[in-house]
Structures are given as C-alpha cells and as structure tokens.
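Heads up: the structure comes next, in structure tokens.
2 protein chains.
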Amino acid sequence: MFYAVIPAGGSGTRLWPLSRADRPKFLLALTGTSESLLQATVSRVAPLAGPDRTFVVTGVAHAAAVARQVPRLPDDNIVVEPSRRESCAAIGLAAAIIARREPTAVMGAFSADHVVGDDDRFVEILRAAIAAAEDGQMVAVGITPTYPETGYGYLEAGEPVGSGPARRVLRFKEKPEYDLAVKYVESGRFYWNASMFVWRVDVFLDELARQQPALFAGLTEIAAAWDTEERAAVLDRVWPSLKKISVDFAVMEGAAEKGLVSTVPADFPWNDVGDFSSLGDALSRSATDNVIIGADESVEQGRVMARDTTGSVLVTRTGRLMVTLGLRDVVVVDTADALFVCDRSRAQEVKEVVADLEAESAQQYL
Amino acid sequence: MFYAVIPAGGSGTRLWPLSRADRPKFLLALTGTSESLLQATVSRVAPLAGPDRTFVVTGVAHAAAVARQVPRLPDDNIVVEPSRRESCAAIGLAAAIIARREPTAVMGAFSADHVVGDDDRFVEILRAAIAAAEDGQMVAVGITPTYPETGYGYLEAGEPVGSGPARRVLRFKEKPEYDLAVKYVESGRFYWNASMFVWRVDVFLDELARQQPALFAGLTEIAAAWDTEERAAVLDRVWPSLKKISVDFAVMEGAAEKGLVSTVPADFPWNDVGDFSSLGDALSRSATDNVIIGADESVEQGRVMARDTTGSVLVTRTGRLMVTLGLRDVVVVDTADALFVCDRSRAQEVKEVVADLEAESAQQYL
Chain A
1 MFYAVIPAGG
11 SGTRLWPLSR
21 ADRPKFLLAL
31 TGTSESLLQA
41 TVSRVAPLAG
51 PDRTFVVTGV
61 AHAAAVARQV
71 PRLPDDNIVV
81 EPSRRESCAA
91 IGLAAAIIAR
101 REPTAVMGAF
111 SADHVVGDDD
121 RFVEILRAAI
131 AAAEDGQMVA
141 VGITPTYPET
151 GYGYLEAGEP
161 VGSGPARRVL
171 RFKEKPEYDL
181 AVKYVESGRF
191 YWNASMFVWR
201 VDVFLDELAR
211 QQPALFAGLT
221 EIAAAWDTEE
231 RAAVLDRVWP
241 SLKKISVDFA
251 VMEGAAEKGL
261 VSTVPADFPW
271 NDVGDFSSLG
281 DALSRSATDN
291 VIIGADESVE
301 QGRVMARDTT
311 GSVLVTRTGR
321 LMVTLGLRDV
331 VVVDTADALF
341 VCDRSRAQEV
351 KEVVADLEAE
361 SAQQYL
Chain B
1 MFYAVIPAGG
11 SGTRLWPLSR
21 ADRPKFLLAL
31 TGTSESLLQA
41 TVSRVAPLAG
51 PDRTFVVTGV
61 AHAAAVARQV
71 PRLPDDNIVV
81 EPSRRESCAA
91 IGLAAAIIAR
101 REPTAVMGAF
111 SADHVVGDDD
121 RFVEILRAAI
131 AAAEDGQMVA
141 VGITPTYPET
151 GYGYLEAGEP
161 VGSGPARRVL
171 RFKEKPEYDL
181 AVKYVESGRF
191 YWNASMFVWR
201 VDVFLDELAR
211 QQPALFAGLT
221 EIAAAWDTEE
231 RAAVLDRVWP
241 SLKKISVDFA
251 VMEGAAEKGL
261 VSTVPADFPW
271 NDVGDFSSLG
281 DALSRSATDN
291 VIIGADESVE
301 QGRVMARDTT
311 GSVLVTRTGR
321 LMVTLGLRDV
331 VVVDTADALF
341 VCDRSRAQEV
351 KEVVADLEAE
361 SAQQYL
C-alpha cells in the first residue's frame, strides 16, 4: 500500500501580488481549472493513494485553509507543524507516523505547488518508482530536461538498477551555470531534481538515523506520541529543537554516495512555478500563446480582451475588465489592492519588489 | 475688451478607460496638477479675459460638472447646447451673444481639452493675435511644428500682414501623409492648426452670414432671445435645425480664400492630447521619461513604483499599488472598473477597443 505525503509550505513571494503571506501559491487555482495546486496534487496522487493514505504537512498559518481545501482527507492526515523546520522534518515526521501504522509501507513526497502536465503519465512513472522502492531503492523521480534550466538542481544518472527503467543516481548537482546546464542536457545523463521522492519508510528512516541521528530521535519521539494524549506536549517540547534542513541535503545526497538512490526518468511536463513566466511555460502550448488566468471562485470572473498580444501571462483576480493591446511577452497581474506589470523576462525580480515592501513594512501588500 | 470662448465637448474615447462618456477628457486632471484641462484653459486665458468675459459652451450631459468646475464664471457664461451641433454652432452662438453685448469685441476660441506648455508665452502670442484681429484679420494661431505629425491639420503661411508677426494664411491643409508632413516641416511655411482662432465678432459674423446664411440666421435669432424669457423656446425650436459643421470648414477655409485669414506663429508647446502617448509627449521632458498621473481628488492617491521602466505613461485612478518592472514605452491605465495596458506606439488604437465595446453594448465601460 502506497502513501502520499504532500509538504505544503512556501512564502508566496514569487507570484506576488497574486500570492501573499496568507495566500501562498499552493492554495491558488493557477492552472485554468478551479482546483488549487494543492487540490490538483491530491487529485494527481489519488489513483495511487486514496484520502486515508494521503498526508498534507503544513504550517499553523495555513492549516485551516488546507483542511477546507481537501475535505476528504481525515483530520489526522493534516499534519500541522508548530513552526517551519524545512522539508526533512516535515517529510520525516510523516514517514515516522506512517511507519508506526505500516512499517514497510512505500511513500512518496510531492510538493504541493508544482504543476504536472500529464496526470496519467505521472501515475505510470510513479508505479515504476514504487516498484523500485519496494526493492529497497530510494527513488528520486528525474524529470527529463527540455532546455538548460539554471534554476533547478540536477540528478546525474548511471547504470540501470533492477529490471525496470530505474538508473543509479551517482550524485546530486546544485543549480548549474548556463554553460554547464547546456552540457547536462546534451549528455542525456542528467535529470531535473523535482524533489519528488519515493521510498520504503523503513529504508528512509534507517538513512535518517544514520545521517541525522538527532533529527531521527526527535521525529521518532513525536511519532510515538502521535496517537496519544501526549501529542501536543511532545510536539511543543521536541519540535523547536529539530534541525532546519532540506531532505535533499540531510538524507538524499548521503544516501546517493552509499549507492542507495536511483532515479526513474520522467517525461511528463513538470514545472515548479517559480515565477509568472514559468507558470506561463507550464500552461501554454507555444511561446507565442497567451496564458490567461481568471478569478478564483470567490471573485466575479474578470474579463480579459487580449488584442494583438502574444507570449503574455494575464492574471485577473478582480471583476474588472482587462484590455491589452500590442504587447509582447508581458506579465500583468491584477489583484484587488495591487497591480503588477512586468516584462516577462524579468518576472523573477518580483522577489526584490517584495523584499523592498518588507523593508518598509508595507504589511498590507505582503 | 477681449472675450474667451471655450467649447467643451468630446466623446471621451481616446483616453479610455480614463475618459468615459460621463467623464470626458476636459473634466480630467491630466497634467500633474489638480486642475482639469478645462480649469487650466480658463486659468490660461484669465490674464486676457476675466470670468465675466469667459464663456464655456458645453452639452447638456456635462453642464453641471462644467458649472461646478468653474464656479467663478457667471451662470449665463455657461452656454448649454441642447444637442451637439459641431464647433461652428457652438462658437457662432457665443460670438452672436457677445456681439449683442459689444458689437466689435475681439474674441478667441480655445479648445477645453488641449495642453499648453508655457502659459506666459501663450499670453504674449495671444496679445499679438488680438492686435491683428483688431485690425480686421481673422487669426488662426499657428503652432510651430516640432516634428512631422500626421494627426494634425496644417496652415500654409504667406507674406507678412501688418507690422506685427502675423502672416497671411494661404490655405488650410488636411492631415497629411507622413512624407508630405516632412516637407511641410522642412519648408518653414507650415504651422499646426490648433483650431485656436481670434477675430472681431463682427468680422466673423459677416463671414458666417456670407458663407453659411442659414446658420447665421438661426444663431442670430437665438442670440436675440438669449436675455429674454423666450430663450428656451427659441433654442428648442431653432437649435435642432442648425447645420452640423466645424468652424474650420464652415468659415475659415472660405475666409482664407478671400484673404481674410492670417496666422500668428506660436512657439509654445502645445498638444491636443489625442491619446495617452501624446499626453506623455506633452508632459515629459524627454522620450525616456515616465509620466505618472495620479488619482483625482476624489480618490485616495494610488502609489506607483516604476522600476527600470522608461518612456511609459502610468495612470492610476484607484487607491491600489501599481508596480511596473522592466517596461519600455508602455501605457498602463488603472481605473476602478477597467485596466488598460498597451504598447505606447499603439495608443491610438484604443478607439477601436471602445468601438467594439459600443458594438456589444457594454455600457458600463463606455
């Protein structure tokens, strides 16, 4: 039986002014359907893991919104972190809780705010990853790169492992410079690391114990108290002491050195929605397409007239009429209290705008 | 004694969505001060004609707003047209009313929605025009062209007239093609026709009687009843029969053929604010300057952060934050119910947007 674990965190600065501190990316419907990215993630894993075996790990600030967005998940499957401790604590706690239920269960970790372009293909690839994980591999799904992206980490793949599509992961690579990224893509041996991991919980916890013994001990103690009256007291005492570290650094890189990590190459479209330009990439069929993202259900649908406009990302979260004329590769984001207009090539720099608003304590816009 | 006549009409389509049917351009503060274009026009002529000798001619739709914007003008100086009859009827009625008061008065006609960049120089030039008018000339102020604009009509000037700067106007020229406009500008003999006319009312009315006898008869009948109890009844009966024609076509072209028209060359910056791009031209010191136009007094000032943005016209009529990033030569107009984003070179095409909204009866946006 397979379990899905969905860490749902994030600061909401890269899709400002659409995403805010109280409306992070994973709560927003960004893909042209009424589903938020979180809801789409839960739907995507549903053929593999039903609601009882799907966990969302989120912070106190978003617990209520998450619980309401995924009403079919049992209360206990919404794991609320008292404070942010990065992905290893979040995923590790879920793994430890699952291990007490089913010690050799296979689980997968899936970010709540990424976009996948082909859910059927996703399920096929995941089935192969699950098969490799049942054999004891720690699987990092490797997205086949379609261009030399410098904003993602890469996996370097080696010889095949087992009888399926899995290949050994020789090492994890940091975000490369452009020239190196070009070489990676040309080699055919490198894959994007989507931080999408599949493993048996016992295999993962053994590696966690070996590489991060204090973190392992803390998470084990919390998991032991999870289904008791002591949960809150133990969380309160232990959680603040846990190390802030990503699961990539904490466990996966060391496990790869020991030869425990493999990858299953994945050819479905995937995007981490790092900014409005990449959101456009994820949703458009061509570089000249416009991507128009309408209001969510709580707001009257805004109307967009895009005249002689190409390659642009137009987001309307108000009931207003938006007219664009003669634009190329522009991002327009229309929200109730803030308007953002930007050349698409500069979309990443919105984080500097947010940093400046933070510096001047312009809380109403954060 | 000099009289100023200010026709205040216009459909409000060229500065959409800022200008609307109920908020035409002349009622808007567009020049970075709190004065509307109409108020700025009244202020500009004040050194030549005080409130008692300044008339505004406007339609029923805008009479109340006009009256409130220029409270120092006597009630009777707000001339309200029952229906739109183009500029000859509007200006001619004012001329006829003034003539009954002072038969040889000099009057000038000044559009309510143009921008002049140097009010002191404007007054100097007008004094020269008034002097020529006192000698019986019909004066069309000729703006010295600074580039080959194809959106304006031109005046072709000939030999000097009298001892001042006035020159004979040989003929009026329609809006030229670009190549011809270049020749006009290079010749030094052509000026932009700003439809800014100065004449003795008796000279004008004589020409009107000669060229447009029916229109002259109608306007004279209305003016005769103006200060009587019959005003409303006569207006109601006569006004609808008046010819719809501009004063340029109705009178000035024919008067030029008779040698009655001269021009006083004017070197003050002038712009008819035909679209947001020309508004930017009128208000910026260089092609890379941004022009930022804030909210009017009835709306909380919107805040604009223009980051690495040049040559752009940014208009905010809401209390929202506007952030632009990496834009070149873009128009952004943010109003309560509609947002317009456009490449600056395409600003004129907004009239096609408005035409399409009209065609589908989207009244709320007109």
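Going line by line, the protein sequences match chains A and B. All residue numbers for the first sequence refer to UniProt numbering, where the first residue is 1 and numbers rise by one. All residue numbers for the second sequence refer to UniProt numbering, where the first residue is 1 and numbers rise by one. All C-beta atoms, glycine included, are put in the ideal place defined by N, C-alpha and C.
For the set A:E349, A:L235, A:D113, A:R168, the Cα lying nearest the Cα of A8 (chain A) is the one of A:D113. With contacts defined as CB atoms closer than 8 angstroms, A166 (chain B) and T263 (chain B) qualify as a contacting pair. Taking a 10 Å sphere around the C-beta of Y178 (chain B), we find fewer than 16 other C-beta atoms and assign the residue as exposed.
Excluding five sequence positions before and after V323 (chain B), the CB atoms of its chain that fall closer than 6 angstroms to its own CB belong to M305, given in chain order. For D118 (chain B), the nearest beta carbon of chain A is not closer than 8 angstroms to its own beta carbon. At least one beta carbon of chain A lies nearer than 8 angstroms to the beta carbon of C342 (chain B).
For A287 (chain A), not one C-beta of chain B is nearer than 8 angstroms to its own C-beta.
Contact between the region 135 to 145 of chain A and the region 252 to 270 of chain A is present: three or more C-beta pairs spanning the two stretches fall below 8 angstroms. Apart from the 5 residues on each side of it in sequence, T58 (chain A) sits with its Cβ closer than 6 angstroms to the Cβ of A8, V66 in its chain, given in chain order.
Here the C-alpha atom of L357 (chain A) lies approximately 13 angstroms from the C-alpha atom of R14 (chain A).
Interface with chain A (8 angstroms Cβ-Cβ cutoff): Y365 (chain B) is included. The three-state secondary structure of W239 (chain A), taken from DSSP, is helix. Identification of chain A residues near M322 (chain B) by a Cβ-Cβ cut-off of 7 angstroms yields L339, ordered along the chain.
For the pair Y152 (chain B) and V185 (chain B), the CB atoms are not nearer than the 8 angstroms cut-off. Under the 8 angstroms criterion on CB atoms, E358 (chain A) is classed as non-interfacial with respect to chain B. P17 (chain A) counts as buried, since at least 16 other C-beta atoms from the protein chains shown sit within 10 angstroms of its C-beta. Straight through space, the alpha carbons of L314 (chain A) and L321 (chain B) are spaced by roughly 17 angstroms. Listed by position along chain A, the residues whose Cβ is nearer than 9 angstroms to that of E349 (chain B) are R307, D308, L325, G326. By the neighbour-count definition (other C-beta atoms within 10 Å, threshold 16), D275 (chain B) is a buried residue. In this structure, the beta-carbon distance from G218 (chain B) to L235 (chain B) does not fall below 8 angstroms. Between the C-alpha atoms of A63 (chain B) and I125 (chain B) there is a straight-line separation of about 30 angstroms. Straight-line measurement puts the Cα of I222 (chain B) at about 12 angstroms from the Cα of P82 (chain B). For the pair V341 (chain A) and L327 (chain B), the CB atoms are nearer than the 8 angstroms cut-off. Spatial neighbours of S163 (chain B) in its own chain (CB-CB distance under 6 angstroms, excluding positions within 5 residues in sequence) are not present.
V123 (chain A) is outside the set of residues whose beta carbon lies under 8 angstroms from a beta carbon in chain B. The shortest CA-to-CA distance from V169 (chain A) to any of A:F216, A:V182, A:Y154 is the one to A:Y154. With a cutoff of 8 angstroms on beta-carbon distance, V238 (chain B) and M107 (chain B) are scored as not near each other. With its beta carbon at least 8 angstroms from every one in chain A, D329 (chain B) lies outside the interface. Taking a contact as a CB-CB distance under 8 angstroms, the pair E35 (chain B) and L325 (chain A) does not count as one, their CB atoms being some 29 angstroms apart.
Distance between R231 (chain B) and D281 (chain B), taken at the CA atoms: about 43 angstroms. The shortest C-alpha to C-alpha distance from A338 (chain B) to any of B:Q137, B:P103, B:V353, B:V45 is the one to B:V353. When 7 angstroms is used as the limit between beta carbons, R346 (chain A) is near these residues of chain B: L325, G326, in chain order. Taking 8 angstroms as the CB threshold, D206 (chain B) stays off the interface with chain A. For D334 (chain A), the chain B residues whose Cβ falls inside 7 angstroms of its Cβ are L339, in order along the chain. Rounded to the nearest whole angstrom, the CA to CA distance from R210 (chain B) to V331 (chain B) is 47 angstroms.
M138 (chain B) is a Cβ neighbour of W199 (chain B), given a cutoff of 8 angstroms.
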